[in-house]
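Each remark here refers to the structure printed beneath this line.
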Amino acid sequence: TADHMLVVGAEAAICDVGIGGFASMKALSTDNDTPEKSSRPFDATRNGFVMGEGAGALVLEEMGHAIARGAHIYGEVIGFGESGDANHITTPVVDGPYRAMKAAYEMAGEPRIDYINAHGTSTPANDKNETAAIKQLFGSKDLCPPVSSTKGQTGHCLGAAGAIEAVISLMAMRDSILPPTINYEHPDPECDLDYVPNQAREDNIDVVMSNSFGFGGTNGCIIIKKI
């Protein structure tokens, strides 16, 4: 830990003076008594994410090569975008996610998006700002597709979250099912999209968008279409 490093460094005469600073991330839910309800993306009472554990794996392959070997193709990546906003370690801004989504959307040829798997961490700042970025991309609330965050079910798996949620997006497209945002009980006026609250819905899904926004403002978005 940092304090141990400072003590040992001073004792070993590595440095004459050491300065230790400590901070709380303030991004985790404090509802420890009800962990199954603690992750509630886009809900007005959300107060942080729940740590999750899991893994996802995908094979990214050139289309002609996959067809030639008879691979089962779950979808085709038709757009991707990245951005950095460097605003704060855990407090994103609207512009960074918007630019990542816009780059992916334009690369894909601005197709009709049938479903967005949101980053949706259940933190007050992320969910509000991601909602605003989605509305900015599509022009208005009424033009936005259904959006959900599956972190209510899985928690936030951090580095694995992007792969896991890309897999979930592919399965949603395969099965024509919109995954729900669970634990959504109190609407937030600043989060006013269709979040597929609490119950999965059947729907035809030909094109999906999946968002992943990392600590420190590293933002990524992919768009995948059904084959």
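Position one of the sequence shown corresponds to residue 245 (our numbering), numbered consecutively onward. In this text, a Cβ means the ideal position worked out from N, Cα and C, and glycines have one as well. Quick caveat, the model's predicted, so the values are computed rather than measured.
- By the criterion of a C-beta distance shorter than 6 Å, glycine 328 is surrounded in its chain by Gly461, Thr462, once the five residues flanking it on both sides are discounted.
- The Cβ-Cβ distance between arginine 290 and serine 366 falls below 8 Å.
- In the DSSP secondary-structure assignment, cysteine 465 is bridged to Gly325, Asn455.
- Judged by pairs of C-beta atoms under 8 Å, the stretch 418-435 does not touch the stretch 322-341, as fewer than three such pairs exist.
- Annotation: the continuous beta strand (DSSP E) that includes isoleucine 360 extends over 359-361.
- For tyrosine 439, same chain residues with a beta-carbon under 7 Å away, outside a window of 5 residues either side, are Phe286, Val391, Ser392, Thr425, Tyr428 in chain order.
- Measuring C-alpha to C-alpha distances from methionine 345 to each of Lys469, Lys470, Ile471, Cys465 identifies Cys465 as the nearest.
- Collapsing the DSSP output to three states places proline 368 in a helix.
- Valine 411 and tyrosine 349 have their C-alpha atoms roughly 19 Å apart.
- Between the alpha carbons of threonine 375 and cysteine 401 lies a distance of about 21 Å.
- In the DSSP annotation of this structure, glutamate 434 is not part of any alpha helix (DSSP H), being labelled neither H nor E.
- Here threonine 375 carries a helix assignment [DSSP, helix/strand/coil].
- With fewer than 16 other Cβ atoms inside 10 Å of its own Cβ, serine 384 counts as exposed.
- In this structure, the CA atom of lysine 469 is about 57 Å from the CA atom of valine 261.
- Alanine 404 places its beta carbon 8 Å or farther from that of valine 452.
- With 16 or more other CB atoms across the displayed protein chains lying within 10 angstroms of its CB, phenylalanine 293 is buried.
- DSSP, read as helix, strand or coil, puts valine 391 in strand.
- In the DSSP assignment, proline 336 falls outside any alpha helix (DSSP H) and carries neither an H nor an E.
- Going by DSSP, histidine 309 is part of the alpha helix (DSSP H) stretching over 307-312.
- Secondary structure at aspartate 287: strand, using DSSP grouped into helix, strand and coil.
- When rounded, the separation of the alpha-carbon atoms in arginine 284 and alanine 301 is 25 Å.
- Annotated three-state conformation of arginine 356 is coil, per DSSP.
- Proximity to glycine 325 across Ile311, Ala315, Gly340, His316 peaks at Gly340, based on C-alpha coordinates.
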